[in-house]
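8 protein chains.
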Amino acid sequence: MNTSDLQKLLASVRAGTLEPAAASDQIAAAMRAAPFEDLGFARVDTHRELRQGFPEVILGIGKTPAQIAAIASRIVGRGQALLVTRAQQDVYEAVRGVAPAATYHAEARAITLAQGEIPRGRGTILIACAGTSDLHVAEEAAVTAELMGNTIDRLYDVGVAGIHRLLVEQNRIQSARVVIVVAGMEGALPSVVAGLVKAPVIAVPTSVGYGASFGGVAALLGMLNSCANGIAVVNIDNGFGGATMASLINHL
Amino acid sequence: MNTSDLQKLLASVRAGTLEPAAASDQIAAAMRAAPFEDLGFARVDTHRELRQGFPEVILGIGKTPAQIAAIASRIVGRGQALLVTRAQQDVYEAVRGVAPAATYHAEARAITLAQGEIPRGRGTILIACAGTSDLHVAEEAAVTAELMGNTIDRLYDVGVAGIHRLLVEQNRIQSARVVIVVAGMEGALPSVVAGLVKAPVIAVPTSVGYGASFGGVAALLGMLNSCANGIAVVNIDNGFGGATMASLINHL
Amino acid sequence: MNTSDLQKLLASVRAGTLEPAAASDQIAAAMRAAPFEDLGFARVDTHRELRQGFPEVILGIGKTPAQIAAIASRIVGRGQALLVTRAQQDVYEAVRGVAPAATYHAEARAITLAQGEIPRGRGTILIACAGTSDLHVAEEAAVTAELMGNTIDRLYDVGVAGIHRLLVEQNRIQSARVVIVVAGMEGALPSVVAGLVKAPVIAVPTSVGYGASFGGVAALLGMLNSCANGIAVVNIDNGFGGATMASLINHL
Amino acid sequence: MNTSDLQKLLASVRAGTLEPAAASDQIAAAMRAAPFEDLGFARVDTHRELRQGFPEVILGIGKTPAQIAAIASRIVGRGQALLVTRAQQDVYEAVRGVAPAATYHAEARAITLAQGEIPRGRGTILIACAGTSDLHVAEEAAVTAELMGNTIDRLYDVGVAGIHRLLVEQNRIQSARVVIVVAGMEGALPSVVAGLVKAPVIAVPTSVGYGASFGGVAALLGMLNSCANGIAVVNIDNGFGGATMASLINHL
Amino acid sequence: MNTSDLQKLLASVRAGTLEPAAASDQIAAAMRAAPFEDLGFARVDTHRELRQGFPEVILGIGKTPAQIAAIASRIVGRGQALLVTRAQQDVYEAVRGVAPAATYHAEARAITLAQGEIPRGRGTILIACAGTSDLHVAEEAAVTAELMGNTIDRLYDVGVAGIHRLLVEQNRIQSARVVIVVAGMEGALPSVVAGLVKAPVIAVPTSVGYGASFGGVAALLGMLNSCANGIAVVNIDNGFGGATMASLINHL
Amino acid sequence: MNTSDLQKLLASVRAGTLEPAAASDQIAAAMRAAPFEDLGFARVDTHRELRQGFPEVILGIGKTPAQIAAIASRIVGRGQALLVTRAQQDVYEAVRGVAPAATYHAEARAITLAQGEIPRGRGTILIACAGTSDLHVAEEAAVTAELMGNTIDRLYDVGVAGIHRLLVEQNRIQSARVVIVVAGMEGALPSVVAGLVKAPVIAVPTSVGYGASFGGVAALLGMLNSCANGIAVVNIDNGFGGATMASLINHL
Amino acid sequence: MNTSDLQKLLASVRAGTLEPAAASDQIAAAMRAAPFEDLGFARVDTHRELRQGFPEVILGIGKTPAQIAAIASRIVGRGQALLVTRAQQDVYEAVRGVAPAATYHAEARAITLAQGEIPRGRGTILIACAGTSDLHVAEEAAVTAELMGNTIDRLYDVGVAGIHRLLVEQNRIQSARVVIVVAGMEGALPSVVAGLVKAPVIAVPTSVGYGASFGGVAALLGMLNSCANGIAVVNIDNGFGGATMASLINHL
Amino acid sequence: MNTSDLQKLLASVRAGTLEPAAASDQIAAAMRAAPFEDLGFARVDTHRELRQGFPEVILGIGKTPAQIAAIASRIVGRGQALLVTRAQQDVYEAVRGVAPAATYHAEARAITLAQGEIPRGRGTILIACAGTSDLHVAEEAAVTAELMGNTIDRLYDVGVAGIHRLLVEQNRIQSARVVIVVAGMEGALPSVVAGLVKAPVIAVPTSVGYGASFGGVAALLGMLNSCANGIAVVNIDNGFGGATMASLINHL
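Chains as they are written, first to last, in my numbering: chain E, 201 to 452; chain C, 201 to 452; chain S, 201 to 452; chain Z, 201 to 452; chain Y, 201 to 452; chain A, 201 to 452; chain U, 201 to 452; chain L, 201 to 452.
Below is the structure:
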């Protein structure tokens with residue numbers, strides 16, 4: 201029973217098409233159901249959608265394909281939306297065994313299966329990235345946010361070294377309700393974008409770069425120390441995390 | 201001419217109480233006005249309120265009291281709201297010379313003067329902090345968010361070592377539209393809070409701690425690596441930044 | 201002659217079934233025996249069991265399979281318990297040549313052979329881990345602690361993002377004599393667990409995560425800076441070290 | 201109602217001197233009492249003694265003397281033992297206003313007031329330190345452990361550069377139930393000590409040193425990477441944390 | 201005998217106003233003169249102007265005022281230009297004793313005395329800084345470059361958060377022969393500037409900021425990882441070094 | 201229309217061979233042309249040559265061979281010079297499909313195609329490297345600078361451990377207009393070279409070394425902290441960046 | 201002409217078997233010979249043996265096998281001793297082509313060829329290592345020091361966790377003229393050894409360990425911060441450097 | 201009884217002026233004497249001179265003046281040489297109370313009292329430093345080495361930016377038996393010096409510098425990664441440690 205199920209049920213009570221006693225029984229039954237399923241190696245958080253608006257998402261690193269498929273099977277079996285991030289091809293093969301309708305997004309390295317009724321976000325989430333090398337992370341954000349019910353506007357390769365590529369799109373950027381900015385190297389793009397808009401900016405540093413980029417640390421520090429206002433930062437290469445935050449905001 | 205002025209003017213046009221030609225003249229005059237004032241040592245960004253909803257804020261470190269007072273004088277003279285962060289007592293003395301009505305918030309180390317018409321945020325911003333030592337940063341966030349037009353709910357000293365102090369307040373936390381979580385040491389509080397709410401969580405690490413806390417780095421890393429969803433992070437001790445982000449979201 | 205041998209011998213003396221002179225001869229002979237065996241590339245510490253309650257353990261990285269097998273052969277030949285940690289399959293092949301009864305624990309990456317009389321720990325050691333990706337480390341701890349004579353209770357995937365999965369097990373956690381908590385990412389779980397129990401908590405950070413987790417540094421710092429009391433920390437991914445410490449405590 | 205009160209009450213029930221119904225009323229009343237007191241800037245965790253065997257301890261950095269005195273006043277008023285760590289003289293002046301019987305330990309920088317019935321630990325906790333410069337931290341550990349009911353044996357200035365100063369005390373070290381080793385600079389002492397004893401070793405790195413000691417980081421890393429078994433580590437300069445862990449173990 | 205002296209002498213030879221033999225004597229005498237003066241605690245490099253175009257400069261940290269004055273006295277006595285950087289007021293007092301005509305630049309923390317014939321640079325060096333807090337460093341660069349014979353154009357407080365303050369000055373920036381960009385916090389300004397000009401950009405990170413700015417490391421890394429071309433970087437807060445590099449280029 | 205085209209056109213106007221009106225039309229047409237081409241995954245900055253004197257360069261890491269070939273195709277199609285850095289053999293295969301005349305420089309790991317009229321630099325750029333292991337980076341610098349129109353003098357394996365190898369070449373070094381110094385390990389070479397010349401020195405740290413060289417950090421820090429004047433630094437292994445900076449200077 | 205050649209020649213002059221004029225001619229010829237050979241990619245320092253007592257050594261990382269063989273060929277051709285460190289099997293194949301008599305030491309990863317007359321060191325160099333995993337580095341030191349004319353005593357696997365393995369060898373250790381101590385993990389062994397001997401101790405940290413050993417940083421810091429006297433440190437895993445230093449001392 | 205006493209006693213036996221039995225009694229008495237004195241807060245290592253050739257030295261940081269005076273009193277009372285490093289004026293006042301003849305070296309921040317018969321080192325120790333700001337550390341080394349019986353040659357301010365100041369002194373440098381090189385900033389001087397001499401070079405990094413010198417880390421890394429042979433390194437600012445190592449070598 202997710203939020204949407206609960207709202208429908210209470211609407212039926214209000215409408216008089218469902219008796220309060222029957223509704224009470226249904227809610228109690230859902231509550232009695234364990235809020236997680238214990239697989240031994242994993243405790244699938246079955247109440248997360250109720251609590252946070254989207255079911256548990258599977259991070260595809262550090263787990264075997266079999267473990268991922270087993271967790272996915274439980275989520276899919278409950279009729280919930282499935283998202284596996286950082287998934288290689290072998291994980292997709294395993295997941296397809298339990299969820300044949302799932303899609304693999306190669307650029308984003310993500311597996312998705314849209315199920316259930318996912319509420320739509322209110323406005324557009326614009327995803328800007330600084331360079332072509334940031335695409336993996338930007339696409340992880342895009343695939344995540346789309347599955348969570350948001351409309352996405354992609355604006356790629358607008359790094360500050362040729363700032364006219366960005367400035368020419370000011371109207372487009374200013375019409376977004378939330379902005380995600382993905383950048384590696386010096387990570388300067390979020391500062392410039394945040395100076396142009398009223399929308400909250402979620403900055404996602406990437407590990408793109410070499411030498412003193414230290415696997416994304418330079419970009420991360422740049423974003424944390426931004427002189428612009430209205431920026432908050434997520435982990436290096438965490439396109440998923442940026443999109444989740446943006447989606448929560450866009451659903452307010 | 202801030203957003204609110206502009207909206208009133210256009211409403212007058214719609215209402216027929218102002219001629220389009222006159223309105224056009226007024227807008228053009230505002231546009232002709234330089235978008236910044238050049239003081240030599242500073243270029244005050246006079247269009248920031250129009251662009252981002254709140255006038256330029258003065259970071260009170262690295263500048264002399266005289267420089268801060270000069271910048272403050274320009275902002276106050278334009279009828280805009282004044283906020284000076286990280287201000288010591290001597291800065292307040294200097295600012296009072298140009299803005300006698302300004303208030304000094306000692307715990308928050310901030311100077312404020314509410315001026316102009318600041319739009320109200322839609323819901324409540326809850327500010328939670330892990331310990332009493334985090335109060336400086338939490339109060340900087342609170343003072344900032346209040347000046348930006350938000351209703352604040354303070355929930356202090358609810359660190360995870362005695363988690364019942366937090367869990368007993370679940371309803372209060374869940375009724376916030378945005379949550380700011382301020383924590384030093386291991387910085388675990390945002391992860392626990394984010395697991396309980398649908399609201400976006402802005403995590404503010406503090407430099408509270410010693411030894412291997414490395415001036416807030418431990419807390420910062422903890423927050424960036426949170427296993428919970430819907431968290432984004434700002435700089436160490438940046439209560440102002442957390443509040444600005446939260447306010448932008450709360451005004452959506 | 202390990203502690204248990206020594207206790208039996210002295211018990212025989214007390215019981216009158218062994219003459220003090222004969223006992224004295226046996227002890228002197230054991231003392232004359234070299235306290236280590238010199239293999240040139242290794243000096244096997246044959247007195248470690250007497251001194252510390254468990255024979256020398258072989259760390260399986262940085263040594264060739266042949267070197268490991270040679271050391272293992274000496275330990276096994278003395279009738280002592282064998283433990284090789286961080287062992288790949290090729291090491292197991294080599295060790296099996298000298299210890300055919302040895303077992304390979306794939307998830308834990310450990311080789312064990314229980315031999316001799318290992319004293320039992322007094323209570324239960326509970327091993328909690330935050331996520332499925334932490335299993336390698338948690339199982340290394342479990343296999344180690346079991347070989348050292350302890351009863352283990354496994355509680356896996358109880359990370360703080362869905363804290364109800366942990367809180368529902370409070371009784372189980374509180375009934376342990378020692379608790380090992382294994383966690384990567386932000387490493388917040390030990391703080392929450394330590395706030396719930398009187399038992400000492402051994403925190404084991406793992407290298408699970410990416411980006412700013414810096415190979416487990418974020419989790420390590422989180423644990424070192426815990427605001428909860430009764431936590432001590434071992435090296436990143438050191439399930440073996442956590443279990444050894446817990447076992448020493450559990451044998452008090 | 202702390203653990204000791206609860207045990208007495210249940211003993212009375214067993215002994216027949218208290219009616220079950222009356223006992224039940226008393227327990228229920230204690231449960232109804234809030235598990236914390238909310239002072240606005242602090243939520244004093246009044247159930248911590250029940251949960252963890254010792255009341256909340258006040259870390260004396262980052263708080264004003266007035267805040268510390270207010271918290272101390274609540275703890276003392278409940279008849280619980282008081283411990284303030286990292287306390288300067290001005291904090292002591294403030295605390296003395298609310299707890300005139302409190303003692304200031306200058307070397308340990310701690311304020312204590314023994315109250316209530318604190319259970320005794322079973323064996324001796326030996327505290328070894330490497331050099332005279334480590335005394336602040338060693339004494340913080342000693343004062344803490346003594347207040348928590350433990351017998352302490354101090355063994356100071358036994359660093360590895362003159363290892364005979366340590367080896368001559370082997371019997372004394374081996375007779376301890378738990379060992380705390382405090383060391384700065386290279387932090388090698390815990391490795392040597394742990395190689396000599398069966399007791400668990402709690403290693404406390406200190407910030408003693410200069411240059412590449414990086415404020416205790418060198419010692420911390422040395423201890424985390426110890427080649428000896430049975431060592432766990434706490435934060436740099438955290439004598440209090442080491443003592444708390446040791447005391448929990450010594451009370452098992 | 202500096203470069204300018206040498207050129208005059210050779211010009212006289214060419215012009216026939218000086219006999220080759222006499223010129224040869226003068227050059228040989230200069231060559232016989234020791235290329236440094238040994239003060240015991242310092243070896244003043246008297247040939248540096250000949251080799252590098254500007255005499256030795258005194259870094260005013262880590263030396264006593266007396267040592268600085270003694271070195272300054274030797275430089276001034278040779279008729280060379282004097283520059284002391286990072287000089288506090290007490291250093292100026294000492295230097296004034298040996299060089300009464302020297303000037304103290306408080307904002308730049310520098311002492312200068314123009315002497316001898318310093319060749320003029322060919323174009324203008326533009327010095328841009330991101331914020332008012334960067335002024336100390338920007339002024340150190342300005343004072344240095346002016347003393348070295350360059351025309352300076354100051355453009356202060358043009359940080360990327362209000363990028364219109366910078367873009368409005370494009371013509372001014374593009375007319376410079378060399379650009380020095382001084383910035384703290386995220387250090388993004390050099391990337392944006394370098395994208396707009398053909399001139400080489402010398403980036404000077406400053407320690408302005410707090411928290412994760414790590415004393416200028418964030419800005420330094422941002423500049424080293426710039427996605428723009430034509431940027432090279434000097435040490436944190438090294439306005440002097442940036443100006444020296446710019447001056448060498450401007451004299452080509 | 202690059203700078204050279206523009207200059208020719210204006211020369212024709214001056215010469216009277218082109219009517220001002222016709223020239224105006226041509227310039228306006230070029231201005232109407234988009235200053236970038238949007239490929240979706242990339243926005244090729246077609247005005248960069250006009251703005252900065254050399255067309256956009258493709259960094260060959262983090263992009264697929266197909267993406268690189270597509271971008272290269274646009275650049276080559278416009279008649280501009282092509283440079284792809286950090287290119288593996290498979291990238292070269294893909295690029296050859298769209299630019300059959302392109303050359304692969306294996307030691308430099310770069311692809312080049314000289315096209316259009318590239319202005320010549322004024323003097324010689326000397327490239328010195330400390331050891332044979334630095335050749336990849338030194339050659340990347342050499343290939344880049346040559347394509348940008350500069351004359352190169354290579355001076356390899358002149359590290360400071362045998363400083364006579366360097367000192368014997370003083371005349372050669374001093375005759376360069378700009379010097380690039382490439383060095384790994386302790387990165388001392390730029391300091392010694394800068395002490396010998398008047399030319400600006402661009403220091404390029406390399407990741408050559410092991411252990412505490414930390415992937416080039418030791419060399420980078422050495423260069424940033426140089427006690428010599430006239431040094432500026434680029435990112436670790438950034439031969440391209442060093443050459444671009446040197447070329448800009450050499451074209452002044 | 202190395203030192204030994206020079207000494208023989210001068211002895212012949214003293215003995216009257218060589219005319220001063222003839223000797224002078226021979227020395228002059230050697231001096232006229234270039235002090236290095238320029239291979240383009242390398243400048244072989246042919247005077248290093250004369251200056252430092254041992255010819256140039258080839259570091260086998262970052263160079264191609266062909267480059268290494270070409271340099272080796274020059275050294276061997278001059279009759280000097282050859283040492284290639286960090287050499288893989290393919291490098292040995294290439295070197296064998298130019299120096300068929302060269303030997304490959306697999307454990308030490310070194311290629312050697314003893315040629316010429318290498319003076320003997322005066323005493324014994326003892327090489328101690330903490331564990332079997334440190335053997336690669338210890339053997340690199342041993343092979344280097346032997347080729348440089350020293351007598352070696354190997355004492356392996358004497359880490360501080362079982363300190364009796366070390367203490368039993370005190371006489372052996374104290375009879376060495378120089379001691380090299382190789383250790384990873386916490387790097388405590390040099391401190392203990394230096395406390396027992398008068399001989400200078402060269403400490404070589406290794407990258408043995410995992411997690412917070414950070415590739416040898418923990419051991420390096422431990423050694424730099426040693427509380428014992430008479431220790432100096434070389435780079436992580438630099439067995440060659442430790443042996444060179446020890447050999448220089450042993451030849452005094 | 202130090203080494204010198206022991207040698208005299210045995211010489212008397214050899215000479216027949218002392219009966220073996222009497223000698224034996226004297227040695228046995230010395231051996232019965234405790235090898236350390238226990239002051240509670242310190243265990244003074246009274247056998248260190250016998251073991252290592254020089255009595256225990258007192259590091260003057262982290263101890264109170266009273267503690268230092270108490271330890272000094274024991275050393276002086278035994279007729280041994282006294283050395284207190286890092287001593288401020290107040291420590292000197294306290295030490296003078298127990299050792300009126302002690303001298304304070306202000307530049308070196310050291311207290312010395314020469315007592316007993318200290319054996320002379322064989323050759324000269326040359327101490328070179330890069331700049332005037334390194335004098336504190338260079339003098340600490342000089343004072344230490346002189347007290348330990350060595351002849352010192354000081355060569356100050358010979359940094360690599362003006363390398364002729366160093367090269368002109370090659371004969372002087374090459375005539376030293378051991379060389380100590382003290383340098384901050386990029387720490388390049390040891391590499392250049394080691395390339396010129398056969399003597400072992402002890403490199404002492406200093407914290408001189410700012411910004412990315414990171415308190416001496418840049419210099420430390422430069423020295424650890426030196427491309428020259430025959431260098432070993434001690435802790436940042438550890439002039440004492442460098443001198444101790446050099447003295448041990450010079451006494452071989």
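The C-beta atom is built at its ideal place from N, Cα and C for all residues, glycine as well.
Residue pairing of Val244(L) in beta bridges, as defined by DSSP: Glu237(L). Residue ranges of uninterrupted beta strand (DSSP E) with 3 or more members, entirely inside the stretch 371 to 444 of chain S and ordered along the chain, are 378 to 383, 401 to 405 and 431 to 433. Just so you know, the alpha carbons of Gly321(L) and Arg377(U) end up roughly 15 Å apart. Within chain C, the residues Gly411 have their CB atoms less than 7 Å from the CB of Asn438(Z), given in chain order. Here Ser375(S) is exposed. Its C-beta has fewer than 16 other C-beta atoms within 10 Å.
Residue state for His451(U) is assigned as coil, using DSSP reduced to three classes. The continuous beta strand (DSSP E) containing Asp353(C) extends over residues Thr351 to Tyr356.
Per DSSP, His336(L) has no beta-bridge partner at all.
The C-alpha of Gly240(C) is placed about 26 Å away from the C-alpha of Val393(E). Interface annotation, Ile380(Z): not in contact with chain U, CB-CB separation never under 8 Å. Residues of chain E whose Cβ lies closer than 8 Å to the Cβ of Phe236(A) are, in chain order, Gly362, His364 and Arg365. Per DSSP, the continuous alpha helix (DSSP H) segment holding Ile271(A) begins and ends at Pro265 to Gly277.
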